[in-house]
Structure formats: C-alpha cells, structure tokens
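**Q**
Number of protein chains: 2
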Amino acid sequence: MTHNVNPHTSARPGDPVAAIDTPALVIDLDAMERNLAAMAAFAGERGLRLRPHAKTHKSAAIAKLQMAAGAVGVCVQKLSEAEALAERGVPDIYISNEIVDVGKLARVAALAGRVRLSIAVDSPTGIDRLAAALKAQGTRMDVLVEIDVGHGRCGIAPSSAGELARRVESHGLRFAGLQAYHGGAQHLRSPAERQAAIGHAAAQVRIAQASLAEVDVQCLLVTGAGTGTFALEAASGVWGELQCGSYVFMDRDYAENHLDPQPPGGGHVAFEHALFVKSQVMSVGAAHAVVDAGHKSHAIDSGMPRVWQGEFEFRNGGDEHGILTPATQVDASRPPLPTIGDTVWLIPGHCDPTVNLHDRYIGVRGGLSQGVVESVWAVDTRGCLT
Amino acid sequence: MTHNVNPHTSARPGDPVAAIDTPALVIDLDAMERNLAAMAAFAGERGLRLRPHAKTHKSAAIAKLQMAAGAVGVCVQKLSEAEALAERGVPDIYISNEIVDVGKLARVAALAGRVRLSIAVDSPTGIDRLAAALKAQGTRMDVLVEIDVGHGRCGIAPSSAGELARRVESHGLRFAGLQAYHGGAQHLRSPAERQAAIGHAAAQVRIAQASLAEVDVQCLLVTGAGTGTFALEAASGVWGELQCGSYVFMDRDYAENHLDPQPPGGGHVAFEHALFVKSQVMSVGAAHAVVDAGHKSHAIDSGMPRVWQGEFEFRNGGDEHGILTPATQVDASRPPLPTIGDTVWLIPGHCDPTVNLHDRYIGVRGGLSQGVVESVWAVDTRGCLT
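Chains as they are written, first to last, in this note's numbering: chain A, 1 to 386; chain B, 1001 to 1386.
1) Quick check on Y254/A: does DSSP put it in helix, strand or coil?
2) Anything in chain B within Cβ reach of E98/A, meaning under 7 Å, just list it in chain order.
3) Can you say whether L259/A is buried or exposed, counting buried as having 16 or more other CB atoms within 10 angstroms of its CB?
4) Please tell me whether T1002/B has its Cβ less than 7 Å away from any Cβ of chain A.
5) Using CA atoms only, rank isn't needed, just tell me which of L79/A, Y94/A and E272/A is closest to A71/A.
6) Which one of R1206/B, W1239/B, K1296/B and I1207/B has the shortest CA to CA distance from L1221/B?
7) Note down the Cα distance separating Y1247/B from I99/A, rounded to an integer number of angstroms.
8) Return the chain-ordered list of same chain residues with a C-beta closer than 6 Å to the C-beta of H8/A, the five sequence neighbours on each side being excluded.
9) Evaluate H298/A with the Cβ neighbour count: other Cβ atoms within 10 Å of its Cβ, from every protein chain shown; 16 or more gives buried, anything less gives exposed.
10) Quick one: grab the DSSP three-state call for N1097/B.
11) Suppose contacts are defined by Cβ-Cβ distances below 7 Å. Is G1322/B in contact with G1294/B by that definition?
12) Going along the chain, which residues of the region 292-306 of chain A sit with their C-beta nearer than 7 Å to a C-beta in chain B?
13) Considering only C-alpha positions, which residue in the set P338/A, M304/A, S283/A and G317/A is nearest to T310/A?
14) For G318/A, go through chain B and note every residue whose CB falls closer than 8 Å to its CB, in chain order.
15) Taking the straight line between their C-alpha atoms, what separation do you get for T1343/B and R107/A?
16) Do Y361/A and L25/A count as a contact pair if the criterion is CB distance below 7 Å?
17) Our contact map puts S1283/B next to S123/A with C-beta atoms below 8 Å; I'd like the distance itself, whole angstroms only.
18) Does chain B have any CB closer than 7 Å to the CB of P353/A?
19) In angstroms with no decimal places, state the Cα-to-Cα distance between P1348/B and H1288/B.
20) Compute the Euclidean distance between the alpha carbons of D216/A and R51/A, then round it to the nearest angstrom.
21) Which residues, in order along the region 1257-1273 of chain B, keep a beta-carbon less than 8 Å from a beta-carbon of chain D?
22) In angstroms, rounded to a whole number, what distance separates the CA positions of M304/A and R1252/B?
23) Going by C-alpha to C-alpha distance, which of G152/A, T386/A, L232/A and G224/A sits closest to H268/A?
24) For C351/A, name the three-state secondary structure that DSSP assigns.
25) Output the distance between the C-alpha atoms of A68/A and A234/A, rounded to the nearest integer angstrom.
26) Decide if T328/A is buried, meaning its Cβ has at least 16 other Cβ atoms within 10 Å, or exposed.
27) List the whole-angstrom C-beta distance separating N257/A from R189/A, where the pair is believed to meet the contact cut-off of C-beta under 8 Å.
28) Whose C-beta lies closer than 6 Å to the C-beta of H350/A among residues of the same chain, with five residues either side of it excluded?
29) Could you tell me which residues DSSP puts in a beta bridge with D1142/B?
30) My understanding is that A86/A touches P158/A, with C-beta atoms under 8 Å, so please give their C-beta distance in whole angstroms.
31) Confirm, please, whether the CB-CB distance from T1229/B to A1206/B is below 7 Å.
32) I think N1097/B touches Q1077/B, with their Cβ atoms under 8 Å apart; what is that distance to the nearest whole Å?
33) Name the residue from S80/A, P23/A and Q243/A whose alpha carbon lies nearest to the alpha carbon of R382/A.
34) Going by C-alpha to C-alpha distance, which of K1296/B, G1318/B, V1281/B and D1319/B sits closest to F1312/B?
35) On the three-state DSSP scale, how would you describe K1271/B?
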C-alpha cells in the first residue's frame, strides 16, 4: 500500500517558531506539561486511577508522558488506534467502545496477546462474539459493561448490567467493571447543568451496581468522566477511574464552560491552551484578511477557532481559508488588519478532530513568540477509523 | 519521518462489497465514470476547457481519468497538493489560490521546472515574491490574477485587474487570464439566486476585462465555476474554462440544490452519488441504533450525511458514532431499527473534506449491493495543508 503522508514536515527540531511553515499543528510543550502534571496531581491526591483518553492526542509519545506522570494506561475508541499505539510501545490500552464485527474481534483477540487490553460491551451479541474470538486465539482480556448514563448513544439500560455481566462471566471472561461516560454533560456551560447531569449519571451507576449485586457480581471499577465534569465524578465517590482527554490541550469549546464558583472537592484545576494552529495571512481585502487555514486545518464541529492574542473574529472561509475581521472598534492608532505574511495563531474549537487532520505535531519549547522547536511527533493514530 | 498511515486497508481487489471493513470510503466506479463522461461531454460540446478541481478527490488516479476524458489539467488549492500530484504523474496543474510565503514560493518555482504549472495572484507582494523565486530558479509559469466576483474571500477588486496584470508582465511573467470563482454561489438553493449571483460575477469579470483593456493587456482566459453553477458560467460567454470538482462524486449538499426548470444552454447534466461511507451498526438502544461512523469518517461542515436507501435520520454522535432513528412512521410489517452488524451506507454532506479524512478509496464495480472491489487507491493529497 502506498504511503500518502505529506513528505514536507513544517519544521525541524532547532528551528525558531518563526520558521514553522503554515498551516501547522503546534504544541506549547511547557503548557502541555503543566496540564499533564495538574491532572495527574488531581487524580493522585484523591486516590483515583487516571486513564486519559488517547482519542484526543492520538500519540504514543504523549501517552507515554501521561503514563510516566502516573496514568495506569490510556483509552481509545477504535481497534486500529489500539493496534497503532501497542505497536509503538503503549502497554495498557482500554477500548472504551463496542466492537461487534467478527473480523475486527479476531484482531482484538490477537492484540490481547501482545499488550494489556480491555474493552467495553453493551450487547449479548457483542459478548458472545468477543468470547468466541478470544477462545479461538487463546487470549484473555478484561471486559467492562457500558451503561447509558444519560448521553443516549451506546450502553445498555443500567438495570440490565447484571444480566450482561453474568453473560460475560458465563464465557469465563473477567468482568472488570462499568463504563459510565456522559459525553453530553461535558460541554453544558453552567456548573448547575453539569452537576445535574453527573448527579443523574451517578444515580444510573448506582442502579447498575444494584443490578450487579442482585446477581452476585462484584463491581470492581466504574470508569468514565471527561475534562468538563471530572471534578464532579471524582467527588461523587462512585467513579474509580477518570478518562479525561482534552485537558492535555484544552480547546476553545472547553474553555467556554463556566467555572464552578464552589468546585466539588475544593480547588479549581486550571488547564491552559496548549494546542494551536499556526496560520499565515495570504490575502488582504478592504475590510478583511484571509489566512491559509480553513476547516481542513481545524475541525469546526464545535464551532470556529478563536484567534489567540489578536483582536479578530474568525469566520469560516471553507476548507483552505479563514476570514479575519476586526473584533472590536478599530483603534485609530494601529492598523485594523494584519498584512500579508503575518502569523496568526488559532485555538481550535475542538482538539480531537483537529489533531486528526494533521500528520505531525510541532512541539515548541519557550512559548509561541520566542520559542524553539523541540520535537516533531507523528500523529500516530490519525485516520485510524476501523 | 515516521509514516503514520493506518496499515489496515479496508478491502482488497476482488473482495465482495460485504467484506469491506467499516468505516470505509467507497466509490461506486460505474456512477463516477458516468459523472466524468457527462461533464466532459458538457464542456466539449460547448468548446470550453475543463480543468476539474482536484481538491475534491485528492487523487492522481482520478485526475488522470479526468484528463483521459478530455480535461486540460487539474486545479489544486495548495502547493503540497501540486507537489504530490506532480510526483504521481499529473502533468498540468493550476494552483487556483494565492501563495505568498517566500519558502513556499521557492518550492513553487522548483516545481515549475518539472510540470506545466500555473498559479493565481491577488497582491503586488505576492507577484513580486513569485517573480523573484522564478528568477532565482530560472523557471517559468503562467500567472492568473484573481478577482473577487462576489464570494468576499481572496481576489482583488475587478477594477484593479489591469494594474496587477501589468505588474505581472513587468517582471517578464506571462499573464494568462483571470481567476473568477464564486464559491458562495454554489450552494444557493434556488436557480434564481444562483442566476443572480453568477450574473453579478459575470459583470465583475467584464469590469476586470475593461480594466485590462485600459492598460492594453490581453485577457486570454477567464477560469472558474463549480458544480452548482457551471451551466450558468458556460452560458454567459464570459468563462472559457470550468473548474468544477464535486461533480465527480456529488454530495448530499449539492444534491439539495433545486434544479433549474429552464437550464441555461439547454438540458440538465445529471450527476449521481458516487461516494459513500460504508458503516456498520455497533449498538442498538430502545429507540435508536448506533453506527461506527462519526465525524472522523465524514465531514459535517455542510451538515450530516444522508442514509442511502434506508429510512433513517442520521444524528451526530461525535467523532466515532452516528445515531440512527426511524425517519418515517414505523411500518408495523418491518423492524423499525437495524440490528447489530447491519451495513448502513452514508452519503457525505460535503465530499472534499470527507475524502480528506481517509487514507484510501475502495472502488467498487457492479453496485453497492452485489459489487466487487476493483481498485484501492490512495488519497494522495490527504493532509496536504501547506
């Protein structure tokens, strides 16, 4: 199969920030490392396991940094992500999602012979097929039952958890706990809304736990939570493992959540923007400027990127263009628009799918103004759809 | 640089359609070939040049099919796309967009020594830098001046066309014509709106032509048009070259344009859906089913995909999931929801950025139900951002 990665890297280690070709996906390494440390400290202080979601960063290098900071492993959503990270030395991977295809399950079972692997299930069909695949290959892995705690996507009704867990055990597989993630709660803007959603989710988990107790199945772990709500899950006493992903980079959308004035468990955990798209002005009109980064460079499922330290509104200009207009009343003492060749830094609306658009991270040390490129990392699981 | 293309292809030539792993980007080759022939015939019958936009398909294989059907070459938006297609044997490439970065322009000038290359400009700075780069490398290329014909993105005011064209010629470069593309007109739903927009665009082109005549510069070509409006540009007598891209695949958004009951120039050109995402049901709830394709598999900048030959509404379930609910009143004689493992075909909302999410095309001959995989093509310019 022909490789089709763009051979031009945007920068090389040692290059000044100014030399990074555009558009490029740039990490402020100092900010990212502070984010990694802050989340690790939060989990550690509370005796919670941290298993960050690698669907955000898609990078074995960052997964290893997270594990070095104390994470027990990482989550992924797809088998091909697990395969790519395992191949690059990530030793403990949880597929926090259902896989039901027989061909894929044979690959899952094979991978379970190479790394510590676990997976979520939410149907008898899925459990039976997984068990058959593992039996055929003679491998083992932990199995978690996913319950729907309010998101309305995957997961069974909590009251059926016992039945499914028994089915897992009936095949001689190890039931390792409950997958309980409320994706829809992560971006509720007000603390009250998020509190209500996670309160509801916790009640659903307790229903599932009761269902497990009825059939004498022990619930060893409840895993879930995201960057928008993890303090609530942590304070609930219900969850034992946190799966936050976006904290590593923080995107525009998460930054727009309103902070809780009385955070559960005390003390805010502050995360910084660490992921940027470097763009460049390529055309200037009478009342707007155009940068060379459109939605082929940054995902817009959660809205437009925000211009970093620039007083401009960003408007969608299609796949390859972004349109800038002055955000505020023009200050007569300074030019209202940038000029051709000017650098414009963008904070993506949503980090996970933005990362998926790029082949490489350019890691910068020392800040975006005066820093130097320290690392060029492949986005290892970019395009891992299957 | 590590390659990071997912090593698992979803299918191999000779596989039945049922064996294609999901999610996968699938071309109905028969439908695509009919689309290629229909557009080539339209241009040919009118004596117009056809230079399809390769930003849609991102594939040297498809570019060559278009040229075999009579296209003079292809358009791209980015230098790295041009480099990748040139490397794969596409001989005539027009960068229908501005490049102003000095480092990139050195690459442009180098590429101009290897293939027939042309480019758009819209600023004195861009022209001067391009000229310097070409002089440094001793290479030549055609230069087109982009005018803003109503989209409000790149392009100068039409009345300045003469001034910029003279500047092109002052450097000893060949001014080859006007780039006049109205992106905003392509998806106006009603024929009357599209007619008004292209009428305005044609008037802008005439202003630019007058500006050129004033400074005694000949306008050899006006190039532009897209899949939503090309019959209008063709009928105007102003454009000499059509740049349509999406006609090759047709996406949900273009299909929602209302057809003109009295098409300009006579006769509709009908295009078929030829691009699909094959997905699979992975979870079923009480009132919904979940497929394994989310917006990491299909772009949603122009809305959700449409389910092909299935009576389901598609709702966004995030990066990796799509949520299906029955679209119509449930027919009691048939199950209202698909079951685990069922195949669901999706028609992407917008083809260009959907293609950009995939490493490969799976080309099917003989239809989506009973067909066989004939070709597996790399998406050659996927991720070519710079």
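Here a beta-carbon is modelled for each residue, glycine too, at the ideal position from N, C-alpha and C. These numbers were taken from a predicted model, which means no experiment stands behind them.
**A** A quick look at the data gives this:
1) Here DSSP, grouped into helix, strand and coil, assigns Y254/A to helix.
2) What E98/A touches in chain B: M1282 and S1283.
3) Under this definition L259/A is an exposed residue.
4) Because the pLDDT at T1002/B is just 37, under 50, the model does not fix this residue reliably, and the point stays unresolved.
5) Per the Cα distances, Y94/A.
6) Selected option, being the one with the closest Cα: W1239/B.
7) When rounded, the distance between both Cα atoms is 35 Å.
8) Contacts found: none.
9) Classification of H298/A: buried, given that the 10 Å Cβ count is 16 or more.
10) Reduced to three states, the DSSP call for N1097/B is coil.
11) When the beta-carbon positions are compared, G1322/B and G1294/B come within less than 7 Å of each other.
12) Going along the region 292-306 of chain A in chain order, one finds H295, K296, S297, I300 and D301 with a Cβ nearer than 7 Å to chain B.
13) Rather than Thr, the amino acid found at residue 310/A in this sequence is Gly. Between G310/A and the set P338/A, M304/A, S283/A and G317/A, the nearest pair of CA atoms involves P338/A.
14) Simply R1153 and G1183.
15) Those two C-alpha atoms are separated by around 20 Å.
16) Yes.
17) S1283/B to S123/A, Cβ: 7 Å. Contact.
18) So, interface residue.
19) Their backbone Cα atoms lie some 20 Å apart in a straight line.
20) Those two C-alpha atoms are separated by around 27 Å.
21) Protein chains A and B are contained in the structure displayed, whereas chain D is not.
22) C-alpha separation (whole angstroms): 22 Å.
23) The shortest Cα separation from H268/A among G152/A, T386/A, L232/A and G224/A belongs to L232/A.
24) The answer is helix: DSSP assigns C351/A an H, G or I state.
25) Straight across, the Cα-Cα distance linking A68/A with A234/A is about 21 Å.
26) Label assigned to T328/A: exposed.
27) By a beta-carbon distance limit of 8 Å, N257/A contacts R189/A. Their separation comes to about 6 Å.
28) The residues D251, D253, A299, D301 and S302, in chain order, have a CB closer than 6 Å to that of H350/A in the same chain once the five nearest residues on each side in sequence are set aside.
29) Under DSSP, D1142/B shares a beta bridge with S1118/B and R1174/B.
30) So it is not a contact: roughly 32 Å between Cβ atoms.
31) With the sequence shown as reference, residue 1206/B is identified as Arg, and Ala is not the correct amino acid for it. No, these two residues do not count as a Cβ contact at 7 Å.
32) Taking a contact as a CB-CB distance under 8 Å, the pair N1097/B and Q1077/B counts as one, their CB atoms being some 5 Å apart.
33) Checked all of S80/A, P23/A and Q243/A; the closest Cα to R382/A is S80/A.
34) Looking at the Cα atoms, V1281/B is the closest of the given residues.
35) For clarity, residue 1271/B is Phe in the given sequence; the question names Lys instead. In the structure shown, F1271/B sits in coil (DSSP, three-state: anything other than H, G, I, E or B).
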